[in-house]
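Protein chains in written order, with this note's numbering: chain R, 538 to 846; chain S, 36 to 249; chain Z, 98 to 347. We put the beta carbon where it would ideally sit given N, CA and C, even for glycine. Notes for the one structure printed next.
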Amino acid sequence: MTSIRALTAAAVGTGLLLVTACGSSSNPTSNAPAGNGGSSAPTDTIVVGSANFQENVVLANIYAGALKAKGVKVSTKLNIGSRETYIPAVKDGSIDLIPEYSGVLLQYFDKSATAVSATDVFAALQKATPQPLTVLTQSAAEDKDAIVVKKETADKYSLKSIADLAAVADKLTLGAPPEFQTRTDGIPGLEKTYNVKFKTFKKLDAGGPLTENALKNGQIDAGDIFTTDPLIDKNGWVVLEDPKNLYTAQNVLPLINSGKASDTVKNALNAVSAKLTTDDLVKLNEQVSLEKQNAETVAQKWLSDAGLA
Amino acid sequence: MIDYYRQNSDQINGWLGWHARLSALPLLFGLLIALPLGWLARRYRWLYPPVVTVAGLLYTIPSLALFILLPGLLKTRILDPTNVVVALTVYTVALLVRVVADALGSVSEDVLQAATAMGYRRLGRLLKVELPIAVPVIAAGLRVAAVSNVSLVSVAALIGVPELGQLFTNGFQLSYQTPILLGILLSVLLALAFDSVIQLVARVLTPWRRAVPR
Amino acid sequence: MIAEIWNWLSDSAHWHGPDGVPIHLREHLQYSLIALLIAAAIALPLGLLIGHTGRGSFVVVAIANSFRALPTVGLLTFFVILIAPHIHSTGTATYLIPSEIVLVLLAIPSMLTNTYAGISAVDPAVRDAARGMGMRGSQTLWQVELPNALPLIFSGIRSSFLQVIATATITAYVSLGGLGRYLIDGLAQQDYPQMASGAVLVAVLALLIDVLLAAVQRYAVSRGITGRYSRKRIVDPAEQQAMIAAAPLT
């Protein structure tokens, strides 16, 4: 008979677990925007989110640190995922603030956007950003796609800009993330803007270790690598110029829920944007990805060097 | 590795929590579904072959494929953890249905007759005699399901679901061993924890096995 | 959703060229078979030996239990980071070698445990009878124990194969080909029909292979033995164990 009691207890326990578990699965981390669900933090706290790559995580830590230094209550929710996941999260108040890049964000809000220069993109972005979201002043720091080749390749074919590839690309292999095949500034863009058609296209990752290794080993001749990647300098690779602005400006800026953008918050974030440069991004990335330092530590160091915390 | 954990403990604990939930929920759901199904397959013999076959076929579907197909069927978002819970529930049911049916079937005829003679009706006999006797075998199946669930959850990191698998994808992007090893370690520890809990519960539910020295 | 998948699959453009289904299917089978053969060359002799001698069975238990708990994605990323930088190849070897290692590691446990369990579960009376008929150790193994263990060995091979097919899907994450490409590329390109079609293809491939191997198994196993298995019975503990051992897929 004890086994019956134990079974009943187990059944009841299971039921309770299920109830609590179901309750908690409407947690904000579940990506479905949970309406106005009870997920938002206390109103005076700013929840800083980040996408799931290191540079964005460091930037989120910088924003969080700068706000904390001005006495704002901050919590973080990092490594959320891709834009398709975290923009709904900013809209429904699961997070309030996230570091963004002007060009891709504009594309996200307005698929037909054509602006390419930093000022045009920012102006268009301010108009395209839907309520309750808003973007604050952009920084000079920029992280964008670039076509990168080895020094030997550049010398051999005397390559300086993407346009120089037109004559030789039919002998070369390009490595890039899978979406490069369909993205307007990917393979279609290279063809349309520069008349560059590569012999083969190898699907790798978004400027990650696959692309870097493949370029190093000669599996590919040209790779899509981000301009702030510290490995470009380390390996002496050549970033091909983009005279026709195939790759739109990608300045770092804060995307924030306007309800949370008090003057104190705005001032703290604008101060960060005023100081942040592309070189800073390269150095921050170097500390995180090559020296394996902790993102929060790296962010704190930048803030204190910049006199912001 | 300890330093890495300390520096990122909030994040990692969050992933660990999600990982535990994403692997535990399917175990509970799976067991709740497999018990009646397995009983039916035992009670109505003609059901047994189709149930076991379908279960076996479901089991052959690779998890990444199932994680991706479910959003289309359930109308969920691709990154919704619900997909992972449902997919793993399917696997758990597929594994347990046959275990439950066979475990109930392994109760010897003598025991059943004795129980009937003692005045148990069908439901009472099932709950008070057959199920308790079947507990050790069901628990063995559950242990396997638990351990493989913990391992399968990390596959979902490839499509961006937050759990310990993020340590693998992040470590990979940075060419950094430490987070990967930490992820493997935590994942194995989590599997061990589930395994111990199930064994413990099974022991509590079968006191007679301790009474008789084996 | 079904219409989307149907449209994708019936578009002839998806059946040609370097991204066509035939090429990725061939890659998928190629990766899987290489791994399965290497794993079989290791696991089957080892299982036979341990089952026959009864020595070293703790190795089987340890391998089966610990491998099952290891997360596949973790192993894959670990081996790629560990090995890939040391292979300077302009081909796919850089990522193929570490991926094959992972596939082999995952294919071993099912075959090893089932072979071992199959041999050691042979009725001692049968073994005694063989000895009584004057058979020597190796004769008993090949003529009595192995045929009796075949059903279990086969189901071990089946689950290893399925495990490998499933895991070969995720090697697309480290830039290899195979049907997993459609899943990874579709995700990156926000192309759900491509992902879903790839998922269907992988699932169908796994099902077909399972059915095929089941047929081979029926054909290859002595009727005297399958007869024993088809009778109404209480659960055979060895089979129960084997069934449970067949569990983890990726």
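Considering Cα atoms alone, identify which of S/Arg157, S/Gly140, S/Asp45 and S/Ser98 is closest to S/Leu123. Reading the second sequence from its first residue, position 88 is the one you call residue 123 of chain S. For S/Leu123, the nearest C-alpha among the options comes from S/Ser98.
Z/Leu384 to S/Leu60, Cα distance in whole Å? Coverage of chain Z is limited to positions 98 through 347, which leaves residue 384 of chain Z absent and any answer about it impossible.
Where Z/Asp307 meets chain S, residues with beta-carbon distance less than 8 Å: Numbered from its first residue, the third sequence carries residue 307 of chain Z at position 210. Near Z/Asp307 (Cβ distances below 8 Å), the residues of chain S are Gly91, Leu92 and Thr95.
R/Val595: which of R/Asp842, R/Lys838 and R/Leu662 sits nearest, CA to CA? The count along the first sequence starts at 1 and reaches residue 595 of chain R at position 58. It is R/Lys838.
What is the DSSP secondary structure of R/Phe763, counted as helix, strand or coil? By one-based count along the first sequence, residue 763 of chain R stands at place 226. R/Phe763 falls in the strand class under three-state DSSP.
Segments assigned alpha helix (DSSP H), at least 4 residues, entirely inside the segment 196-248 of chain S: Complete alpha helix (DSSP H) runs here, min 4: 200-208, 212-240 and 243-246.
If we ignore side chains and look at the alpha-carbon of each, how far apart do S/Arg245 and S/Ser231 end up? For the purposes of this step, residue 245 of chain S is taken as residue 210 along the second sequence, with counting starting at 1. For the purposes of this step, residue 231 of chain S is taken as residue 196 along the second sequence, with counting starting at 1. One C-alpha to the other measures close to 17 Å.
Just curious, the beta strand (DSSP E) that R/Glu637 is in, first and last residue? Within the first sequence, numbered from 1, the residue matching residue 637 of chain R stands at position 100. If you look at R/Glu637, you'll find it in the beta strand (DSSP E) that goes Leu634 to Tyr638.
How many angstroms separate the CA atom of Z/Thr191 from the CA atom of S/Ile37? Along the third sequence, read from residue 1 onward, the residue named residue 191 of chain Z stands at position 94. Along the second sequence, read from residue 1 onward, the residue named residue 37 of chain S stands at position 2. Going from the Cα of Z/Thr191 to the Cα of S/Ile37 covers about 30 Å.
If we define contact as Cβ-Cβ less than 7 Å, is Z/Ala285 a contact residue for chain R? Position 188 of the third sequence holds residue 285 of chain Z. With 7 Å as the cut-off, Z/Ala285 counts as an interface residue toward chain R.
CA-to-CA distance, R/Leu840 to S/Asn184, given in whole angstroms: Here residue 184 of chain S corresponds to residue number 149 of the second sequence, with the count starting at 1. Here residue 840 of chain R corresponds to residue number 303 of the first sequence, with the count starting at 1. Rounded to whole angstroms, S/Asn184 to R/Leu840 spans 43 Å at the Cα level.
Beta strand (DSSP E) segment containing R/Gly586, residue limits: Translated into the one-based positions of the first sequence, residue 586 of chain R becomes position 49. Per DSSP, R/Gly586 is one residue of the beta strand (DSSP E) stretching across Thr582 to Gly586.
Which of the residues in the segment 614-626 of chain R, read from start to end, lie with their CB under 7 Å from any CB of chain S? Per Cβ criterion, the list reads Leu615, Asn616, Gly618, Ser619 and Thr622.
Could you give the first and the last residue of the continuous alpha helix (DSSP H) run that contains Z/Ser207? Residue mapping note: residue 207 of chain Z aligns to position 110 of the third sequence, counting from 1. Element bounds for Z/Ser207: Ala190 to Ser217.
Where do the ends of the alpha helix (DSSP H) carrying Z/Ser256 lie? Sequence index remark: in the third sequence, residue 256 of chain Z carries index 159 (1-based). Note, Z/Ser256: alpha helix (DSSP H), Leu243 to Ile267.
Compare the beta carbon distance of R/Ile583 and R/Val611 with 7 Å and say whether it is the shorter of the two. On the first sequence, residue 583 of chain R is found 46 positions in, with the first residue counted as 1. On the first sequence, residue 611 of chain R is found 74 positions in, with the first residue counted as 1. Yes, they are a contact pair.
Less than 7 Å between the beta carbons of S/Leu162 and S/Ile233, yes or no? As a position in the second sequence, residue 162 of chain S is number 127, starting the count at 1. As a position in the second sequence, residue 233 of chain S is number 198, starting the count at 1. No, the Cβ-Cβ distance between S/Leu162 and S/Ile233 is not below 7 Å.
Which whole-angstrom value is the C-beta distance of R/Phe646 and R/Pro625, which I expect to be below 8 Å? Within the first sequence, residue 646 of chain R is the residue found at index 109, counting from 1. Within the first sequence, residue 625 of chain R is the residue found at index 88, counting from 1. Contact between R/Phe646 and R/Pro625 fails: their C-beta atoms lie close to 13 Å from each other, not under 8 Å.
Segment contact flag, the segment 671-691 of chain R with the segment 789-808 of chain R, C-beta cutoff 8 Å, min 3 pairs: With three or more CB-CB distances shorter than 8 Å, the segment 671-691 of chain R counts as touching the segment 789-808 of chain R.
Could you check what DSSP says for R/Pro791 in three-state terms: helix, strand or coil? As a first step, residue 791 of chain R must be located in the first sequence, where it is residue number 254. Here R/Pro791 sits in strand by DSSP.
Taking one C-beta from the segment 251-258 of chain Z and one from the segment 207-218 of chain Z each time, how about it: are there three or more such pairs within less than 8 Å? These segments touch.
I want to verify the contact list: residues of chain B whose CB lies under 8 Å from the CB of S/Leu104, in sequence order. Here the protein chains are R, S and Z, and chain B is not one of them.
Along the segment 200-213 of chain S, where does the CB come closer than 9 Å to a CB of chain R? Name the residues. Residues of the segment 200-213 of chain S with a Cβ closer than 9 Å to any Cβ of chain R, in chain order: Gln201, Thr204, Asn205, Phe207, Gln208, Leu209, Ser210, Tyr211 and Thr213.
Indicate whether at least one CB of chain Z lies closer than 7 Å to the CB of R/Gly532. Residue 532 of chain R cannot be examined here, being either before or after the span of chain R that is shown, 538 to 846.
Identify, in the order they occur along the chain, each residue of the same chain with its Cβ nearer than 6 Å to the Cβ of R/Pro767, setting aside the five sequence neighbours on each side. Translated into positions along the first sequence, residue 767 of chain R becomes position 230. Correct list, in chain order: Val819, Asn822, Glu823 and Leu827.
Rounded straight-line distance, which links the Cα of S/Leu158 to that of R/Pro570: Taking the first sequence and counting its residues from 1, one reaches residue 570 of chain R at position 33. Taking the second sequence and counting its residues from 1, one reaches residue 158 of chain S at position 123. Note that R/Pro570 scores a pLDDT of 36, beneath 50, so its modelled location is shaky and nothing firm can be said.
Since S/Thr127 and S/Leu62 are thought to touch, with beta carbons under 8 Å apart, how far apart are those beta carbons, to the nearest angstrom? Translated into the one-based positions of the second sequence, residue 127 of chain S becomes position 92. Translated into the one-based positions of the second sequence, residue 62 of chain S becomes position 27. About 6 Å separates the beta carbons of S/Thr127 and S/Leu62, which is inside the 8 Å limit, making them a contact pair.
Identify the residues that DSSP records as bridge partners of R/Val686: which are they? For the purposes of this step, residue 686 of chain R is taken as residue 149 along the first sequence, with counting starting at 1. According to DSSP, which records beta bridges pairwise, R/Val686 is partnered with R/Ala759 and R/Val775.
Taking 7 Å as the CB-CB limit, is S/Ala136 close to chain Z? Taking the second sequence and counting its residues from 1, one reaches residue 136 of chain S at position 101. No, S/Ala136 does not count as interfacial toward chain Z.
Rounded straight-line distance, which links the Cα of Z/Ala161 to that of Z/Pro345: Position 248 of the third sequence, counted from the start, is the residue given in the question as residue 345 of chain Z. Position 64 of the third sequence, counted from the start, is the residue given in the question as residue 161 of chain Z. Low confidence applies to Z/Pro345: its pLDDT is 44, below 50, so where it sits in the model is not reliable, and the reading given next is rough at best. Across the structure, Z/Pro345 and Z/Ala161 are spaced so that their CA atoms are roughly 11 Å apart.
Using a Cβ-Cβ cutoff of 9 Å, what residues of the segment 176-203 of chain Z are near chain R? List them in chain order. So the list reads Val177, Ile178, Ala181, Pro182, Ile184, His185, Ser186, Thr187, Gly188, Thr189, Thr191 and Tyr192, given in the order they occur along the chain.
Could you list which residues in chain S have their beta carbon closer than 9 Å to that of R/Gln591, in chain order? Counting from 1 along the first sequence, the entry for residue 591 of chain R is found at position 54. Contacts between R/Gln591 and chain S, judged by CB atoms closer than 9 Å, involve Asn205, Gln208 and Leu209 in chain order.
Going by the CB atoms, is the gap between Z/Gln286 and R/Glu728 shorter than 7 Å? Sequence index remark: in the first sequence, residue 728 of chain R carries index 191 (1-based). Sequence index remark: in the third sequence, residue 286 of chain Z carries index 189 (1-based). In this structure, R/Glu728 lies away from Z/Gln286, with their beta-carbon atoms at least 7 Å apart.
Taking only beta-carbon atoms, is Z/Ser272 less than 7 Å away from chain R? For this step, residue 272 of chain Z is matched to residue 175 along the third sequence. It does; some Cβ of chain R falls within 7 Å.
What residues in its chain sit with their C-beta under 6 Å from that of S/Gly195, if we drop five residues either side in the sequence? Along the second sequence, one-based indexing puts residue 195 of chain S at 160. Non-local beta-carbon contacts of S/Gly195 in its own chain, meaning distances under 6 Å to residues more than five positions away in sequence, involve Leu114 in chain order.
Taking S/Leu57 as the query, report the chain Z residues whose CB atoms sit under 7 Å from its CB, ordered along the chain. In the second sequence, the residue the question calls residue 57 of chain S occupies position 22. What S/Leu57 touches in chain Z: nothing, since even the nearest Cβ is about 13 Å away.
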